[in-house]
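Numbering (our numbering), first residue to last: 602 to 751.
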């Protein structure tokens, strides 16, 4: 693999990770699912959930987002290890929000990722979520009204 190809692959994988975060935050569940391979896997072991296939991932993320009154996810780049048409990596996560049942939630976590080059570009083949810190102290703030989308 040339140095330029490795740089391009890293940029494309970072763009994939950013696209997924944006799709989740914008509640675009079809786009979320499209960023996985057809038999991709999303694992949330902290709540004993696993979704296999784009259809299950779409439904699972929609179900999960439906639990939140409001939700904010910040993703920080982590390592990417390239191996031809596959790669592995980690992304570091900070999330907070309030659930519809009134419970508050703040966590720091990691995504452990597997990526696959496809004819449509890089896609997630597996994403495992590992919560490292959880704080359920009631949040002092509240969400502002949603800004118009444009």
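Even for Gly, the Cβ is constructed at its ideal location relative to N, Cα and C.
- prompt: Is it true that the CB of residue 726 sits closer than 7 Å to the CB of residue 717?
  reply: The residue given as residue 717 occupies position 116 in the chain shown. The residue given as residue 726 occupies position 125 in the chain shown. Cβ atoms of residue 717 and residue 726: closer than 7 Å.
query: Got a sec, what are the start and stop residues for the alpha helix (DSSP H) residue 702 sits in?
result: The residue given as residue 702 occupies position 101 in the chain shown. Counting along the chain, residue 702 falls outside any alpha helix (DSSP H), and DSSP gives it neither H nor E.
query: In terms of residues, what are the limits of the alpha helix (DSSP H) holding residue 738?
result: As a position in the chain shown, residue 738 is number 137, starting the count at 1. Premise fails: residue 738 is in no alpha helix (DSSP H) and is neither H nor E.
query: How far does the beta strand (DSSP E) with residue 641 in it reach, from first residue to last?
result: Residue numbering aside, residue 641 sits at position 40 when the chain shown is read from its first letter. Taken as a continuous stretch (DSSP letters only), the beta strand (DSSP E) holding residue 641 covers 637-645.
Which residues DSSP lists as bridging residue 622, in chain order: Position 21 of the chain shown, counted from the start, is the residue given in the question as residue 622. According to DSSP, which records beta bridges pairwise, residue 622 is partnered with nothing at all.
query: Okay, do the segment 618-625 and the segment 664-682 touch, 3+ Cβ pairs below 8 Å being the bar?
result: yes
Selection from 629, 676 and 650 that minimises the alpha carbon distance to residue 663: Taking the chain shown and counting its residues from 1, one reaches residue 663 at position 62. Residue 629 is the option with its Cα nearest to residue 663.
- request: Let me know the secondary structure DSSP gives residue 745 once reduced to three states.
  value: On the chain shown, residue 745 is found 144 positions in, with the first residue counted as 1. Residue state, collapsed to three classes: coil.
field: Residues bridged to residue 722 [DSSP beta-bridge criterion]
entry: Translated into positions along the chain shown, residue 722 becomes position 121. Its beta-bridge partners are 719.
task: Counting only the same chain and skipping the five closest in sequence on each side, list residues whose C-beta sits under 6 Å from that of residue 644.
output: Indexing the chain shown from 1 puts residue 644 at position 43. Hits under 6 Å: 651 and 729.
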